[in-house]
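Peer 1: First the structure, then my questions, so here it is.
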Amino acid sequence: MNDLRQLRHFIALAEHGHFARAAEAIHLSQPALSRSIQALEASLDCNLVDRHSRGISLTTHGQLVLEHAQRLLAGSRALKNAVSQLGNLQTGELRLGAGPYPAARLVPRALGRMAQRYPRVRINLQIGNWQELRSSLLDDAVELFVADSRELLADPLLCIEPLQRHSGVLFCRPNHPLLQQPALRMHDLLDYPLAGTQLPQTVEQNLRALSNREQPLSIQCDNFMVLKALVADSDVLSMAPWDVVAEDIHAGRLAQLPLEAGALTEQSAYALISRAGHSLSPAAQVMREEILAEDQLFGRQLEDASGS
C-alpha cells in the first residue's frame with residue numbers, strides 16, 4: 001500500500017491544480033512529484049488526475065482518493081499529537097472549532113488561559129456554523145468544538161455536553177430610533193433589516209412566525225464581529241445570546257431593544273461536542289476543562305449581578 005508521503009504529494013497537487021506549483025509548495029522537484037503521483041496511481045491501479053495544458057483535474061477516482069487521503073493524514077496527525085502530549089503538554093497541537101457566538105466570548109477566554117498555561121501547544125481555531133464544524137470533526141480536522149447543538153442532538157456519531165443557556169436578546173446601536181418606544185412588539189421591528197448567523201431550524205421557524213417574514217434574516221453572516229460592527233454603524237438590528245453582548249451593552253457600545261414581556265423567548269444551546277467513543281487528547285481535555293470553568297464563572301457572575 002502507498003505511504004503517507006505519496007498521499008501528501010497528491011493532496012498538494014489537488015490543492016494547487018498544477019504540477020509545477022505543487023512541487024514548489026512542497027519543496028520537491030517536478031519530476032520527483034510526477035514519479036510519486038505515478039507510483040500512487042500504480043499502487044491503486046487507477047488514474048487519479050487528468051493532465052492537460054493548464055494543469056490537472058481530478059478524475060472520479062481522484063476525488064474519492066482525495067477524501068480518504070485527507071482523513072488518513074488528519075488521523076496520522078492526531079496520533080502524533082496524542083503521543084507527544086501523553087507525558088506532558090510541552091508540545092503538540094490542538095485543533096478546535098467554535099460557532100460564531102461561542103467564538104465571541106466563551107472560547108477566547110478559555111483559550112487565553114490554556115495558552116498561558118501551555119504556551120508551546122499550537123492551537124488552530126476554526127470558526128463556522130454547526131454543520132461545517134460537524135463535518136470537520138468527523139473528518140478529524142478538529143478534535144472538539146463548541147457550537148449550537150439543537151440540530152445535532154440526535155446524531156449517534158457525536159458526544160454532546162450541554163453548557164449553560166443564555167437568553168436571546170435583540171440589540172441595536174445606541175440612539176437607534178426604536179429606543180424611543182418603551183415596549184416594542186415584533187411587528188414594530190419590521191421596518192428595519194435583521195442580521196444574524198445561520199439559524200437553527202426551530203429558531204428560524206419561531207422568528208418566521210413572530211415576524212411574518214418568510215426569510216426572517218435580511219443579512220446572514222457567521223462572523224459575529226462583523227455583525228456587531230454592522231449594527232453599531234447602521235440601523236440594522238441583530239439577535240444574540242446575552243453572554244456575547246452583555247459587556248457591549250453595559251459599556252454603551254450597543255443597546256438592548258426594550259421588547260414587551262414574552263416577545264422573544266429564544267435561548268442559546270451551546271454544547272461541547274466531540275466524537276462519540278473517542279477519547280480526547282490531553283490538550284483537548286485541558287481545553288474542555290477551561291471551557292467548562294469559564295462557562296461556570298460567567299454563570300456565577302450573572303447570579304451575582306442579578307442579586308445585587
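When we follow the UniProt record's numbering, the leftmost residue of the sequence shown carries the number 1, and every step to the right adds one.
Positions of the beta carbon are idealized from the N, C-alpha and C atoms, including for glycine.
If you're wondering where the values come from, they're calculated on a predicted model, not measured in any experiment.
1. Give the DSSP bridge partners of Ala255, in chain order.
2. If you draw a straight line from the alpha carbon of Glu151 to that of Val203, how long is it in whole angstroms?
3. For Leu184 versus Ala263, is the C-beta spacing smaller than 9 Å?
4. Using three-state DSSP, classify Pro100 as helix, strand or coil.
5. What residue does the alpha helix (DSSP H) around Ser43 start on, and which one ends it?
6. On the DSSP bridge list, what partners appear for Val49?
7. For Leu199, count the other beta carbons within 10 Å of its own beta carbon; 16 or more makes it buried, fewer makes it exposed. Which is it?
8. In three-state terms, what does DSSP make of residue 315?
9. Check the DSSP bridge columns for Gln126 and list the partner residues they point to.
10. Quick one: is Arg95 buried, meaning 16 or more other Cβ sit within 10 Å of its Cβ, or exposed?
11. Classify Gly252 as buried or exposed, calling it buried when 16 or more other Cβ atoms lie within 10 Å of its own Cβ.
12. Which stretch, first to last residue, makes up the alpha helix (DSSP H) that contains Pro108?
13. Measuring only the C-alpha atoms, how far is Ala271 from Phe19?
14. Opposite Pro162 in the DSSP bridges: which residues?
15. Using a 10 Å radius around the Cβ and a threshold of 16 neighbouring Cβ atoms, would you call Arg54 buried or exposed?
16. Are Ala261 and Pro174 touching if we call contact CB-CB under 9 Å?
17. Would you check if there are 3 or more beta carbon pairs closer than 8 Å linking the region 214-231 to the region 133-142?
18. Flag Arg120 as yes if its beta-carbon sits less than 9 Å from any beta-carbon of chain D, otherwise no.
19. Thinking C-alpha only, which one of Asp148, Glu41, His52, Ala78 is nearest Gly62?
20. State the DSSP-derived secondary structure class of Leu190, mapped to helix, strand or coil.
21. I need the straight-line Cα distance from Val142 to Gln180, nearest angstrom please.
Peer 2: This is what the structure gives:
1. According to DSSP, which records beta bridges pairwise, Ala255 is partnered with Cys172.
2. Going from the Cα of Glu151 to the Cα of Val203 covers about 11 Å.
3. It is a contact, given that the beta carbons lie within the stated cut-off.
4. DSSP places Pro100 in the coil class of the three-state scheme, outside both helix and strand.
5. Taken as a continuous stretch (DSSP letters only), the alpha helix (DSSP H) holding Ser43 covers 30-44.
6. DSSP lists Leu58 as partners of Val49.
7. By the 10 Å Cβ count, Leu199 comes out buried.
8. Missing from the structure shown is residue 315; the chain here goes from 1 to 308 and no further.
9. The secondary-structure analysis by DSSP pairs Gln126 across a beta bridge with Gly97.
10. Buried.
11. Exposed, since its Cβ has fewer than 16 Cβ neighbours within 10 Å.
12. Taken as a continuous stretch (DSSP letters only), the alpha helix (DSSP H) holding Pro108 covers 106-117.
13. Near 43 Å, if we compare the C-alpha coordinates of Phe19 and Ala271.
14. Ala271.
15. Label assigned to Arg54: exposed.
16. Not a contact, by the Cβ cut-off of 9 Å.
17. Taking 8 Å as the limit for Cβ pairs, the verdict is that the region 133-142 does not touch the region 214-231.
18. Annotation note: the requested chain D is absent from the structure, which comprises a single protein chain.
19. In this structure, Glu41 is the residue among Asp148, Glu41, His52, Ala78 with its C-alpha nearest to the C-alpha of Gly62.
20. Three-state result, Leu190: coil.
21. Answer to the nearest angstrom: the Cα atoms are 46 Å apart.
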